[in-house]
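**Student:** According to this note's numbering, the sequence shown is numbered sequentially starting from 928. Glycine is no exception: its CB is placed at the ideal position from the N, C-alpha and C atoms. Since this is a predicted model, take the numbers as computed values, not measurements.
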Amino acid sequence: MDMTRRSFLAGGAAFGGLVASARLPAFADGPVLSSERGKSERLTISCHHIEAGASKPFSVLHISDTHLTAVYPDENEWTRKFMANRSKTFGGRQEEALRDSLAWAKEHVDYVMHTGDLIDAQSRANLDLVRKYYGIDGATMGGSLGNHEFYHGQKDETEEGKADSREMLSKAYPFDISLSSSIVNGVNFVTIDNVYGAVTTEQASRFEAEVKKGLPIILCMHCPFNTPEIYRSALKLWRKHVLKINTTPNAKSWREGYRDPVTKDFVAYLKALPSLKGILAGHLHISVQARFSPNAMEYVVGGNYMFHGEEITFS
Ligand SMILES: [Fe+2]
């Protein structure tokens, strides 16, 4: 990534074109729906450490699955009804949860990474919130997309099904939505779109080009790669068929794993990759960590709509 003016101002650490969290704006509208909650009751943060081989220690707040449900009064009827319903599903406090997370990050960590489902479905109001919270020129968070970023009422969970949304999402999100790389203190954060559990040949070869940079890598994406532990934990919340569709394409069980040949090869390649030091993911709405490979743990963070996040310190 080029040294931009923003990253120069942030002291040289370029991270998705964003600045250090100390420079996050204070979103002034503050707690509205739970104004009586105390400072320590606002968020549930779990804490982890990754020895990645950074040139200097730093920290990241990892959040995922905020599921914003904003809609303007003049948007179409389907969108208004859907958002009203889903606002009840997620509790109606999702934007407050995001603001609290960013306020916490500003005080306690160096960067923020959001691994998708920032919005629950496409609406003009939601995309305005994406621009607001990612900030102009990506000033706020690094990120990847989730399956809900592509949702507009029709379920076509294929690469072809994403096609009509790509241009719009690319304009709203301040990073390359297919794959992007940001280097912080010698650690390469690679974010990919794997929102239906699979990766494409193009993504796999772009990832290999990232590996050639010779830096430790943290892979950030929406759907976790299954491990037996993650699958078992997820089954307590999700029905089997949901997990099949979303985390193991075409798989009959986690044992069969990645039957999509490209994804299967990609996972095998990652498992044997010494420079892969960690994986950050979301999607499951539970907090679970499991070993992915001899060198990398996988960290799945709980739903941000429930005020969850994880602080990861790096050395
Ligand atoms: Fe998701």
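Hey, is residue 1075 close to ligand 1, as in C-beta under 7 Å from one of its heavy atoms?
**Tutor:** For the purposes of this step, residue 1075 is identified with residue 148 of the sequence shown, where counting begins at 1. True, at least one ligand heavy atom lies under 7 Å from that Cβ.
**Student:** How long is the line joining the alpha carbons of residue 990 and residue 1001, rounded to whole angstroms?
**Tutor:** Working through the sequence shown from its first residue, we reach residue 990 at position 63. Working through the sequence shown from its first residue, we reach residue 1001 at position 74. So the alpha carbons of these two residues sit roughly 31 Å apart.
**Student:** When you compare each of 1085, 1083, 1104 to residue 1093 by their alpha carbons, which one comes out closest?
**Tutor:** In the sequence shown, residue 1093 corresponds to position 166, counting from 1. Of 1085, 1083, 1104, the residue nearest in Cα terms is 1104.
**Student:** Within the segment 993-1029, note down every full alpha helix (DSSP H) run reaching 4 residues or more, in order along the chain.
**Tutor:** Whole alpha helix (DSSP H) segments, 4+ residues: 1004-1017.
**Student:** CB of residue 1244 to nearest heavy atom of ligand 1: below 7 Å?
**Tutor:** Absent from the structure is residue 1244, since the part of the chain shown begins at 928 and ends at 1242.
**Student:** Is residue 992 near ligand 1, judged by its Cβ being under 7 Å from some heavy atom?
**Tutor:** Position 65 of the sequence shown, counting from 1, holds the residue named residue 992. Answer for residue 992: yes, Cβ within range of ligand 1.
**Student:** Alpha carbon to alpha carbon, how far is residue 1049 from residue 1152?
**Tutor:** Residue 1049 sits at position 122 when you count from the first residue of the sequence shown. Residue 1152 sits at position 225 when you count from the first residue of the sequence shown. About 26 Å.
**Student:** To the nearest angstrom, how far is it from the Cα of residue 1032 to the Cα of residue 1014?
**Tutor:** What you label residue 1032 is simply residue 105 of the sequence shown in a count that begins at 1. What you label residue 1014 is simply residue 87 of the sequence shown in a count that begins at 1. Cα-Cα distance, rounded: 25 Å.
**Student:** Can you tell me the Cα-Cα spacing of residue 1034 and residue 1135, whole angstroms?
**Tutor:** Within the sequence shown, the letter at position 107 stands for residue 1034. Within the sequence shown, the letter at position 208 stands for residue 1135. Residue 1034 and residue 1135: Cα-Cα distance of roughly 35 Å.
**Student:** Give me whichever residues DSSP pairs with residue 1236 in a beta bridge.
**Tutor:** Here the question's residue 1236 lines up with position 309 in the sequence shown. Looking at the DSSP assignment, residue 1236 forms a beta bridge with 972.
**Student:** Helix, strand or coil: which one does DSSP assign to residue 1130?
**Tutor:** One-based indexing of the sequence shown puts residue 1130 at position 203. DSSP places residue 1130 in helix when its eight states are reduced to three.
**Student:** Expressed to the nearest angstrom, what Euclidean distance is found between the alpha-carbon atoms of residue 1027 and residue 1162?
**Tutor:** Here residue 1027 refers to the residue found at position 100 when the sequence shown is read from its first residue. Here residue 1162 refers to the residue found at position 235 when the sequence shown is read from its first residue. Using only the alpha carbons, I get a separation of about 29 Å.
**Student:** For residue 1223, is the classification buried or exposed, using 16 other Cβ atoms within 10 angstroms of its Cβ as the cut-off for buried?
**Tutor:** The residue you call residue 1223 lines up with position 296 of the sequence shown. Buried, since its Cβ has 16 or more Cβ neighbours within 10 Å.
**Student:** List the residues that DSSP assigns as beta-bridge partners of residue 1226.
**Tutor:** Locating residue 1226 in the sequence shown gives position 299, counting from the first residue. DSSP, once it has assigned bridges, lists 1207, 1216 as partnering residue 1226.
**Student:** Of all the options 1192, 979, 967, which has the alpha carbon lying nearest to the alpha carbon of residue 1146?
**Tutor:** Reading the sequence shown from its first residue, position 219 is the one you call residue 1146. The residue with the shortest Cα to Cα distance from residue 1146 is 979.
**Student:** By the three-class DSSP mapping on this structure, what secondary structure does residue 1038 have?
**Tutor:** Start at 1 with the first residue of the sequence shown, and residue 1038 comes out as number 111. Three-state result, residue 1038: strand.
**Student:** If you run the structure through DSSP and keep just helix, strand and coil, what is residue 1202?
**Tutor:** If you number the sequence shown from 1, residue 1202 lands on position 275. Looking at residue 1202 - three-state DSSP - the assignment turns out to be coil, as it is neither helix nor strand.
**Student:** Output needed for residue 1126: all residues of its chain with C-beta closer than 7 Å, excluding positions within five of it in sequence on either side, in chain order.
**Tutor:** Here residue 1126 corresponds to residue number 199 of the sequence shown, with the count starting at 1. Closer than 7 Å at the Cβ level, and outside the excluded window around residue 1126, lie 1119, 1189, 1190, 1193.
**Student:** Please say whether residue 994 and residue 1079 have beta carbons closer to each other than 8 Å?
**Tutor:** Position 152 of the sequence shown, counting from 1, holds the residue named residue 1079. Position 67 of the sequence shown, counting from 1, holds the residue named residue 994. No, the Cβ-Cβ distance between residue 1079 and residue 994 is not below 8 Å.
**Student:** Flag this pair as yes or no: are the beta carbons of residue 1142 and residue 1202 separated by less than 8 Å?
**Tutor:** Counting from 1 along the sequence shown, the entry for residue 1142 is found at position 215. Counting from 1 along the sequence shown, the entry for residue 1202 is found at position 275. The answer is yes: Cβ separation under 8 Å.
**Student:** Tell me the start and end of each unbroken alpha helix (DSSP H) in the segment 1037-1099 that is at least 4 residues and wholly inside, in chain order.
**Tutor:** If we require 4 residues or more, the alpha helix (DSSP H) runs fully inside the segment 1037-1099 come out as 1051-1061, 1086-1099.
**Student:** For ligand 1, I want to know if residue 1235 counts as a neighbour, meaning its beta carbon is within less than 7 Å of at least one of the ligand's heavy atoms.
**Tutor:** Position 308 of the sequence shown, counted from the start, is the residue given in the question as residue 1235. Incorrect: residue 1235 has no Cβ contact closer than 7 Å to ligand 1.
**Student:** So, helix, strand or coil for residue 901, using DSSP?
**Tutor:** Absent from the structure is residue 901, since the part of the chain shown begins at 928 and ends at 1242.
**Student:** For residue 1056, which option in 984, 1101, 1133 has the closest C-alpha, if you only look at C-alpha atoms?
**Tutor:** Mapped onto the sequence shown, residue 1056 falls at position 129. The residue with the shortest Cα to Cα distance from residue 1056 is 1101.
**Student:** Under 8 Å, do residue 1024 and residue 1231 count as touching if we go by C-beta distance?
**Tutor:** Here residue 1024 is taken as the residue at index 97 of the sequence shown, counted from 1. Here residue 1231 is taken as the residue at index 304 of the sequence shown, counted from 1. The answer is yes: Cβ separation under 8 Å.
**Student:** Assuming residue 1160 is part of the alpha helix (DSSP H), what are its boundary residues?
**Tutor:** Numbered from its first residue, the sequence shown carries residue 1160 at position 233. Looking at the DSSP string, the run of the alpha helix (DSSP H) that includes residue 1160 is 1155-1162.
**Student:** Which of the three DSSP states, helix, strand or coil, is assigned to residue 1231?
**Tutor:** Taking the sequence shown and counting its residues from 1, the one referred to as residue 1231 is at position 304. Residue 1231 falls in the helix class under three-state DSSP.
**Student:** When the Cα atoms are used, what is the spatial distance from residue 1073 to residue 1112?
**Tutor:** Against the sequence shown, residue 1073 aligns to sequence position 146. Against the sequence shown, residue 1112 aligns to sequence position 185. Roughly 27 Å separates the two Cα atoms.
**Student:** What does DSSP give as the partner residues of residue 1114 in its beta bridges?
**Tutor:** Position 187 of the sequence shown holds residue 1114. Bridge partners of residue 1114: 1111.
**Student:** Using a Cβ-based criterion (distance less than 7 Å to any ligand heavy atom), does residue 975 qualify as near ligand 1?
**Tutor:** Within the sequence shown, the letter at position 48 stands for residue 975. The answer is no for residue 975.
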